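> Every number in the working numbering is 25 more than the matching position in the sequence shown, counting from 1.
In this text, a Cβ means the ideal position worked out from N, Cα and C, and glycines have one as well.
Quick caveat: nothing in here was measured; it's all calculated off a predicted structure.
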Amino acid sequence: MSIRPILRPGSSTLQWNVTSAPVGSVLARSICPTLAQWQPRSHICPHELWIVLDLDEDEWNNFSKFTLRLSWPAYHPTDISIKIYDPASLAVFSKQPRSTQPQKTRRKYARIQLVHTGVVAETTGSVFKDDSRYVVSIFAVLEPLYFGVLPKSVISVVITIMMVVLLGLPVAGVINNSLQNVVQLAKQELDPQSKAKTA
26 MSIRPILRPG SSTLQWNVTS APVGSVLARS ICPTLAQWQP RSHICPHELW IVLDLDEDEW
86 NNFSKFTLRL SWPAYHPTDI SIKIYDPASL AVFSKQPRST QPQKTRRKYA RIQLVHTGVV
146 AETTGSVFKD DSRYVVSIFA VLEPLYFGVL PKSVISVVIT IMMVVLLGLP VAGVINNSLQ
206 NVVQLAKQEL DPQSKAKTA
């Protein structure tokens with residue numbers, strides 16, 4: 026797994042091109058075997074990507090939860106599945122001798138698989154090769170979750186929203202009072218009894 030791309034603090038984003046499987050493919054059945062049947066040497070799946078999630082760095086020691094987000098261009102209709110494995114699940118495939126003592130690590134491995142879902146229209150004289158439409162640029166982001174729910178990238182947005190709400194409350198109160206006064210004046214003008222008393 027050391028040759029796979031690694032996401033860690035300071036290098037938590039990744040762009041990678043992966044070829045999606047044709048429409049209707051069942052990867053676990055025909056192309057990419059399940060983990061129980063997977064062998065690194067004999068099973069090479071062109072429609073998947075393995076990413077190492079290095080969560081042991083000191084910078085992330087205070088976080089217990091993380092999020093791995095994937096995005097890709099909308100013009101590539103693709104089904105993407107993500108499965109996360111710990112080192113113990115993959116130890117059987119390691120070339121290194123197993124240790125009798127369990128290793129304390131938070132490192133994880135993400136297995137990402139892609140299947141094309143679009144309907145390809147048959148056109149003549151197309152300038153694109155058949156395989157080019159299946160190459161998908163994946164953008165992966167690994168982030169720790171503050172308070173177990175908030176990614177770091179949205180903290181500034183949340184703070185901005187809270188500031189707008191707090192600053193807007195006094196203004197909203199003034200506007201509400203002005204509107205109430207307008208409503209009361211309108212009621213008095215429309216109420217005949219009120220007019221008579223005034224006269």
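On the CB-based measure, 16 or more other CB atoms within 10 Å of its CB, does VAL152 come out buried or exposed?
Taking the first residue of the sequence shown as position 1, residue 152 is located at position 127. Caution is warranted here: a pLDDT of 45 is assigned to VAL152, below 50, making its placement in the model unreliable, and the coordinate value is therefore given only provisionally. Exposed.
> Use the C-beta contact count for SER27: other C-beta atoms within 10 angstroms, 16 or more gives buried, fewer gives exposed.
In the sequence shown, the residue the question calls residue 27 occupies position 2. Residue confidence is low: SER27 scores 44 on pLDDT, short of 50, so the model does not pin down where it sits. Its coordinate-derived value is still stated next. Label assigned to SER27: exposed.
> Counting beta carbon pairs with one atom in the segment 174 to 185 and one in the segment 130 to 142, are three or more of them shorter than 8 Å?
no
> Looking at C-beta atoms only, is the number of pairs between the segment 179 to 199 and the segment 108 to 116 that lie closer than 8 Å three or more?
no
> Report the option in THR185, THR142, VAL183 and LEU32 whose CA atom is closest to the CA atom of PRO102.
Within the sequence shown, the letter at position 77 stands for residue 102. It is THR142.
> So, with DSSP's three-state summary, where would you put ASP104?
Translated into the one-based positions of the sequence shown, residue 104 becomes position 79. If DSSP states are grouped into helix, strand and coil, ASP104 belongs with the strands.
> Between CYS57 and the rest of its own chain, which residues show a CB-CB distance below 7 Å, the 5 nearest in sequence each way excluded?
Translated into positions along the sequence shown, residue 57 becomes position 32. Only CYS70, HIS72, GLU73 and GLN138 meet the Cβ criterion.
> Quick one: what does DSSP say LYS133 is sitting in, helix, strand or coil?
Translated into positions along the sequence shown, residue 133 becomes position 108. Strand, per DSSP.
> According to DSSP, which residues form a beta bridge with TYR110?
Looking up residue 110 in the sequence shown gives position 85. Note: TYR110 sits in a beta bridge opposite TYR134.
> Quick one: Cα of SER50 to Cα of ASP104, how far?
Indexing the sequence shown from 1 puts residue 50 at position 25. Indexing the sequence shown from 1 puts residue 104 at position 79. The straight-line gap from Cα to Cα measures roughly 11 Å.
> Determine the direct distance from the alpha carbon of LYS90 to that of ASP81, and round the result to whole angstroms.
Mapped onto the sequence shown, residue 81 falls at position 56. Mapped onto the sequence shown, residue 90 falls at position 65. Our two residues, ASP81 and LYS90, have alpha carbons roughly 12 Å apart in a direct line.
> Do TYR171 and THR44 have their C-beta atoms closer together than 7 Å?
On the sequence shown, position 146 is the one that residue 171 refers to. On the sequence shown, position 19 is the one that residue 44 refers to. Going by C-beta atoms, TYR171 is not nearer than 7 Å to THR44.
> Closest to ASP83 by CA distance: which of GLN205, PRO169 and ILE186 is it?
Start at 1 with the first residue of the sequence shown, and residue 83 comes out as number 58. Ranking the options by Cα distance to ASP83, first place goes to PRO169.
> According to the Cβ coordinates, are LEU210 and LEU93 closer than 7 Å?
For the purposes of this step, residue 210 is taken as residue 185 along the sequence shown, with counting starting at 1. For the purposes of this step, residue 93 is taken as residue 68 along the sequence shown, with counting starting at 1. Their beta carbons are not under 7 Å apart, which means LEU210 does not touch LEU93 by this criterion.
> Measuring CA to CA, which of VAL144, VAL207, TRP85 and ASN206 is closest to GLY173?
Here the question's residue 173 lines up with position 148 in the sequence shown. When only C-alpha atoms are compared, the closest one is TRP85.
> Based on the DSSP output, what are the partners of TRP75 in its beta bridges?
The count along the sequence shown starts at 1 and reaches residue 75 at position 50. Its beta-bridge partners are ARG136.
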